[in-house]
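Here's the structure we're looking at; comments come further down.
There are 2 protein chains.
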Amino acid sequence: MLTQTQISSASFKQPTSRNLPPAGDHALGTIELMGTPMSFSRNAEIYGENEPADYLYKVISGTVRTYKILADGRRQIGAFHMPGDIFGLEAGDSHTFSAEAIADSKVLVIKRSALVALAARDNDVARQLWTLTGRELHRVQDHMMLLIKTAQERVASFLLEMADRASASAAVDLPMSRQDIADYLGLTIETISRTLTQLESDAAIELPTSRRIVLRNRPALNRLNA
Amino acid sequence: MLTQTQISSASFKQPTSRNLPPAGDHALGTIELMGTPMSFSRNAEIYGENEPADYLYKVISGTVRTYKILADGRRQIGAFHMPGDIFGLEAGDSHTFSAEAIADSKVLVIKRSALVALAARDNDVARQLWTLTGRELHRVQDHMMLLIKTAQERVASFLLEMADRASASAAVDLPMSRQDIADYLGLTIETISRTLTQLESDAAIELPTSRRIVLRNRPALNRLNA
DNA sequence: CGACCATTTGATATGGATCAAGCGATGTGG
DNA sequence: CCACATCGCTTGATCCATATCAAATGGTCG
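Residue numbers (the numbering used here), protein chains in the order written: chain A, 7 to 232; chain B, 7 to 232.
Take a look at the structure:
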């Protein structure tokens, strides 16, 4: 369900052949051309688990979380998607997770059927769909490996992951709350907080504010990364 | 590295066009036609993590485990593959897990390059590769959700999963050891053993032998499945 | 029968959860 | 512009599920 901004189906532009990049071009370019920009405000739902996966999305600005809620209310966050990331692409026909904007976000909304139809004609696009799913598989496998580690290891891995993605030297501005981090790592907010405090007193990181983290000793964090 | 049985590259048969099923056929049929049967004895390595993913595999008989070893020796089993299952298919070019036969096993070995080449011409095959990777993605997502649950829930989910796959009414013959189960569920063998004993005294299951498990009360197990 | 390996069972330790305050920043209404 | 309510985060005290360490049991194969 699209709560904040409704998609009117008329608003989707059909790709025209003159929009297509020359064959042999990296097909990701093709994908982007087929999207409509949309805005979601903080905590707005982008789609829900089990809804038909008619669209896929590319983050332009902001951050998106995908998650599942278990019967008893526990929430597991599957991923944080940042600018440039594609999410919501399914090989099957419904979404396996829900998606929400963590902060006000802008995303490109891309019609899946158009892409799938294109893939039937264009080999490059077909391969690109496969590659994207393969990349996602790899990401989930890594995430699964995280969940068998200790709290320190999970938090260290998380910080390194965020730092790598931000590509901003050693300081990271986290867009998500402690609760989001906890649900991503399978821990509680108290454990996240204590572990960060611990890492700070070990001089591995600095915490100028609760959302800003400076990596002071990457080798130490990498050692915890196991 | 293929420790028990060596693949001689000459032994692979190239698919010929007369082997291809008619267009529109479910492409899985195509995939199987391209394979060479091979045997692996108990505990034999089929491939190792990070090795080039030149082949994919389909289990004919026996069971295969895929796994990763962390720096400190912890092992995480990613999946158990049983007859009919395809494993070792990668969208990238190297294996992200290692694979070993749990019991003496026969697998069909399929050359990836042949399949990828075929996919470039045959849309159905391309779509099938995508679907297989998508199915695997879904499986790993479910597995990840397991790892945030309690021991009882994990074991109950595991038993139900095995029972569904065996499709043999209510009795399951486990091909794997307690250690394998433990490494799949992110628990220790002692916890597996205690949890099974507990489920038995709760009359949810029966344990005629350590490898044979009879599901006595599926609703109860499903309730634990959360 | 005896050795070996897998499994179970028992006793204890511990990492992270839970329960409960305190604290600091942010925003709102008077 | 300040007083206060709110919310997110941290810190403290205690509990508990699962790990760890250790021993007994059982099943399998020479």
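A virtual CB, placed ideally from N, CA and C, is assigned to each residue, including glycine. For clarity, every value in this text was computed on a predicted model and none was experimentally measured.
Task: Minimum Cβ-Cβ distance from Gly30 (chain B) to chain A less than 7 Å - done: Reliability of the predicted coordinates at Gly30 (chain B) is poor, the pLDDT of 37 falling under 50, and the value obtained from them is presented with this limitation in mind. The Cβ of Gly30 (chain B) sits no closer than 7 Å to any Cβ of chain A.
Task: Environment of Leu227 (chain A) [buried if 16+ CB atoms lie within 10 Å] - done: It is buried - the Cβ of Leu227 (chain A) has at least 16 other Cβ atoms within 10 Å.
- [ ] Spatial neighbours of Ala188 (chain A) within its chain, please: CB distance less than 8 Å, with the 5 preceding and 5 following residues excluded, ordered by chain position.
- [x] Excluding five sequence positions before and after Ala188 (chain A), the CB atoms of its chain that fall closer than 8 Å to its own CB belong to Thr194, Ile195, Thr197, Ile198, given in chain order.
- [ ] Indicate the three-state DSSP secondary structure (helix, strand or coil) for Ala126 (chain A) in the structure shown.
- [x] Secondary structure at Ala126 (chain A): helix, using DSSP grouped into helix, strand and coil.
Task: Cutoff 7 Å; reference Val220 (chain B); Cβ partners in own chain excluding five residues on either side - done: For Val220 (chain B), where only same-chain residues beyond five positions count, the Cβ hits under 7 Å are Ala176, Ala177, Ile211, Glu212, Pro214.
Task: Reference His101 (chain B); option with closest CA among B:Tyr73, B:Asp110, B:Arg81 - done: Measuring from the Cα of His101 (chain B), the nearest candidate turns out to be B:Tyr73.
Task: Contact belief for Ser111 (chain B) with Glu51 (chain B) at Cβ below 8 Å, rounded distance in angstroms - done: Actually they do not touch by this definition, with Cβ atoms about 12 Å apart.
- [ ] Between the Cα of Lys155 (chain B) and those of B:Leu165, B:Ala232, B:Asp208, spot the shortest distance and give me the residue it belongs to.
- [x] Among B:Leu165, B:Ala232, B:Asp208, the Cα nearest to that of Lys155 (chain B) is on B:Ala232.
TODO: Starting from the N-terminal side, write out each stretch of the beta strand (DSSP E) that is 3 residues or longer and does not extend beyond the region 80-124 of chain A.
DONE: For the region 80-124 of chain A, the continuous beta strand (DSSP E) assignments of 3+ residues that do not extend past its boundaries occur at 81-87, 104-107, 111-117, in sequence order.
- [ ] Closer than 9 Å by beta-carbon distance: list the chain A residues that pair up with Lys237 (chain B), in chain order.
- [x] Since the displayed chain B opens at 7 and closes at 232, residue 237 (chain B) lies outside it and no answer follows.
Open item on the list: Rounding to the nearest angstrom, what Cα-Cα distance links Asp31 (chain B) and Met40 (chain B) in this structure?
Closed with: For Asp31 (chain B), the predicted model reports a pLDDT of 39, less than 50, meaning its position is unreliable; a value from the coordinates is still stated below. If I take the Cα positions, the gap works out to 15 Å.
Task: Continuous alpha helix (DSSP H) assignments of at least 4 residues falling wholly in the region 185-225 of chain B - done: Qualifying alpha helix (DSSP H) stretches, in chain order: 195-207.
Open item on the list: Pull the bridge partners of Ser67 (chain A) from the DSSP assignment, please.
Closed with: Note: Ser67 (chain A) sits in a beta bridge opposite A:Lys112.
Open item on the list: If you reduce the DSSP assignment to three classes, tell me which class Thr156 (chain A) lands in.
Closed with: Reduced to three states, the DSSP call for Thr156 (chain A) is coil.
- [ ] Would you list the residues sitting across from Gly41 (chain B) in a DSSP beta bridge?
- [x] Secondary-structure assignment with DSSP links Gly41 (chain B) through a beta bridge to B:Ile116.
Open item on the list: Under 9 Å, CB to CB, which of the residues in the region 56-89 of chain A have a partner in chain B?
Closed with: Only those residues of the region 56-89 of chain A whose C-beta falls short of 9 Å from the nearest C-beta of chain B are listed: Lys74, Leu76, Ala77, Asp78, Arg80, Gln82, Gly84.
TODO: Ignore the nearest five residues each way along the sequence and tell me which others in Arg184 (chain B)'s own chain have a CB closer than 7 Å to its CB.
DONE: Here the set comprises Ile195, Ile198, Ser199.
TODO: Under the assumption that Leu152 (chain B) contacts Leu191 (chain B) (Cβ atoms under 8 Å), give the Cβ distance between them as a whole number of angstroms.
DONE: That pair is a contact at about 7 Å.
Open item on the list: Let me see if you follow: with CB-CB separation under 7 Å, is Thr213 (chain A) close to chain B or not?
Closed with: In the sequence as displayed, the identity of residue 213 (chain A) is Leu instead of Thr. Under the Cβ distance rule, Leu213 (chain A) does not count among the residues neighbouring chain B, no pair being separated by less than 7 Å.
TODO: Flag Gly192 (chain B) as yes if its beta-carbon sits less than 7 Å from any beta-carbon of chain A, otherwise no.
DONE: Residue contact check for Gly192 (chain B) against chain A: a CB pair falls below 7 Å.
Open item on the list: Can you look up Leu62 (chain A) in the DSSP assignment and give me helix, strand or coil?
Closed with: Strand, per DSSP.
Task: contact_flag[the region 61-79 of chain B, the region 113-126 of chain B] where n(CB pairs < 8 Å) is 3 or more - done: With the rule of 3 Cβ pairs closer than 8 Å, the region 61-79 of chain B counts as touching the region 113-126 of chain B.
Task: Member of A:Ala126, A:Arg81, A:Ala123 whose CA lies at the smallest distance from the CA of Glu106 (chain A) - done: Measuring C-alpha to C-alpha distances from Glu106 (chain A) to each of A:Ala126, A:Arg81, A:Ala123 identifies A:Arg81 as the nearest.
Task: Alpha-carbon to alpha-carbon, Asn49 (chain B) and Glu38 (chain B) - done: Between Glu38 (chain B) and Asn49 (chain B), the C-alpha separation is close to 25 Å.
Open item on the list: Along the region 92-113 of chain A, where does the CB come closer than 8 Å to a CB of chain B? Name the residues.
Closed with: Hits within the stretch, in order: Glu96, Ala97, Gly98, Thr102, Phe103.
Open item on the list: Mapping the DSSP letters down to three states, classify Ala177 (chain A) as helix, strand or coil.
Closed with: Looking at Ala177 (chain A) - three-state DSSP - the assignment turns out to be strand.
TODO: Tell me, to the nearest whole angstrom, how far the beta carbon of Val146 (chain B) is from that of Leu205 (chain A); I am working on the premise that it is less than 8 Å.
DONE: About 29 Å separates the beta carbons of Val146 (chain B) and Leu205 (chain A), which is beyond the 8 Å limit, so they are not a contact pair.
Open item on the list: Contact between the region 133-141 of chain A and the region 87-102 of chain A is defined here as three or more beta-carbon pairs at a separation below 8 Å; is this criterion met?
Closed with: Remark: three or more beta-carbon pairs, one from each stretch, lie closer than 8 Å, so the region 133-141 of chain A and the region 87-102 of chain A are flagged as touching.
Open item on the list: Quick check on the burial criterion: 16 or more other C-beta atoms within 10 angstroms. Buried or exposed for Ser163 (chain A)?
Closed with: Counting Cβ neighbours within 10 Å, Ser163 (chain A) comes out buried, since at least 16 surround it.
Open item on the list: Taking 7 Å as the threshold (beta carbon to beta carbon), is Glu142 (chain A) in contact with chain B?
Closed with: By the rule that beta-carbons nearer than 7 Å mark a contact, Glu142 (chain A) touches chain B.
TODO: For Ser15 (chain B), I'd like the list of residues in its chain whose CB is within less than 7 Å of its CB, leaving aside the five on either flank, ordered along the chain.
DONE: Confidence at Ser15 (chain B) is low in this model, with a pLDDT of 33, below 50, so its placement is unreliable and the value that follows should be read with caution. So the list is empty, once near-sequence residues are dropped.
TODO: Taking 7 Å as the cut-off, decide whether the C-beta atoms of Asp60 (chain A) and Arg127 (chain A) are in contact.
DONE: The answer is no: Cβ separation not under 7 Å.
- [ ] Give the single residue among A:Leu135, A:Ser45, A:Pro89, A:Val161 whose Cα lies nearest to the Cα of Ser173 (chain A).
- [x] Of A:Leu135, A:Ser45, A:Pro89, A:Val161, the residue nearest in Cα terms is A:Pro89.
Open item on the list: Suppose you measure from the CA of Leu166 (chain A) to the CA of Asp99 (chain B); what does that come to, to the nearest Å?
Closed with: C-alpha separation (whole angstroms): 25 Å.
- [ ] Sort A:Ala209, A:Asn129, A:Glu159, A:Tyr53 by Cα distance to Arg229 (chain A) and report the nearest one.
- [x] Nearest C-alpha to Arg229 (chain A): A:Glu159.
Task: For Ala132 (chain B) and Ala29 (chain B), the rounded distance between their alpha carbons - done: Bear in mind that a pLDDT of 39 at Ala29 (chain B), under 50, signals an unreliable position, so the number given afterwards is only what the model happens to contain. Using only the alpha carbons, I get a separation of about 13 Å.
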